[in-house]
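Engineer: Numbering (the working numbering), first residue to last: 8 to 312.
Quick one: the structure is below, and I'll ask about it shortly.
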């Protein structure tokens with residue numbers, strides 16, 4: 008369990024975290040992992056959309072900046088919620104760490120939440136980058152930045168399939184980015200940050216937050232959804248890329264909260280969450296059995312006629 012690490016395991020956690028950060032760095036800022044080169048049909052309309060410039064000129068800030076902003080929001084939300092928490096006065100005021108270190112439980116819990124958040128963030132980045140490198144799916148504006156020489160490729164008369172390397176004449180960095188469309192990194196990181204912040208609000212019982220919690224949660228989900236829509240509107244990703252990014256980011260956020268975020272005193276919240284999931288599957292089975300029964304009755308009545 009990630010909630011209460013033993014002192015002797017702290018060094019192991021640091022090594023794992025450092026390895027995760029380094030792997031994310033190699034994916035993001037080095038060419039250690041080569042992108043799979045996919046072929047394309049000449050003048051394919053799916054890849055001839057206009058190019059809206061580098062990521063910095065997008066209507067939505069870059070993915071890492073968005074995630075860092077959400078991390079700061081996580082810190083503020085966690086401090087505020089725990090400050091007004093109903094059971095703050097019942098908890099220990101200090102925690103002794105070794106012989107000389109004294110740590111406030113509020114600070115300790117905040118760092119624990121942010122540590123889990125950061126690990127999930129870098130894990131999401133690694134998953135998405137690995138998918139982009141392996142698949143090499145082309146962006147909607149790929150041919151616009153590739154600028155292939157159609158005359159030399161013999162594409163003037165027939166819709167020829169081109170799969171050899173070195174056919175592009177455009178900027179090399181833009182071409183590499185255009186080959187990494189699936190899944191959408193921005194969609195994955197935005198949903199991960201939004202869902203993790205939502206789950207943080209569920210772990211603290213605070214006064215006067217009956218409206219603030221759902222408003223914050225809906226606002227974050229709306230921002231993540233708008234991030235995905237913006238990727239499609241600016242022709243930086245396909246719809247399937249954005250949906251896959253949403254699924255990856257959401258799945259990692261749920262996994263990190265269920266596996267690493269719920270401690271013993273939050274067990275009722277975890278049970279309620281699992282009860283909702285079990286109820287959903289029970290209702291699904293009930294609907295499917297009703298559908299099969301109705302279909303069997305319909306067939307028997309049609310045969311009787």
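Glycine included, every Cβ here is placed at the ideal spot set by N, Cα and C.
1) Please determine, among 117, 57, 195, the residue with the shortest C-alpha to C-alpha distance to residue 148.
2) Going by DSSP in three states, residue 189 sits in which element: helix, strand or coil?
3) Entirely within the stretch 129–169 and at least 4 residues each: give me those alpha helix (DSSP H) ranges in chain order.
4) Check each candidate in 35, 265, 66, 24 and name the one with the smallest Cα separation from residue 140.
5) Within the same chain, show all residues whose beta-carbon is closer than 7 Å to that of residue 131, passing over the 5 residues directly before and after it, in chain order.
6) Which residues bound the alpha helix (DSSP H) around residue 237?
7) Tell me whether residue 176 is buried or exposed, calling it buried when 16 or more other Cβ atoms sit within 10 Å of its Cβ.
8) Determine the direct distance from the alpha carbon of residue 30 to that of residue 23, and round the result to whole angstroms.
9) Which residues share a DSSP beta bridge with residue 48?
10) Does the distance from the C-beta atom of residue 190 to that of residue 266 stay below 8 Å?
11) Note down the Cα distance separating residue 159 from residue 46, rounded to an integer number of angstroms.
12) At what residues does the alpha helix (DSSP H) containing residue 247 begin and finish?
13) Given this structure, state the Cα-to-Cα distance separating residue 162 from residue 241, to the nearest angstrom.
14) Please state whether the Cβ-Cβ distance between residue 172 and residue 44 is less than 8 Å.
Structural biologist: Reading from the atomic positions:
1) 57
2) coil
3) 149–153, 157–160
4) 35
5) 195, 196, 199, 255, 256, 259
6) 219–240
7) exposed
8) 11 Å
9) 168
10) no
11) 16 Å
12) 246–263
13) 27 Å
14) yes
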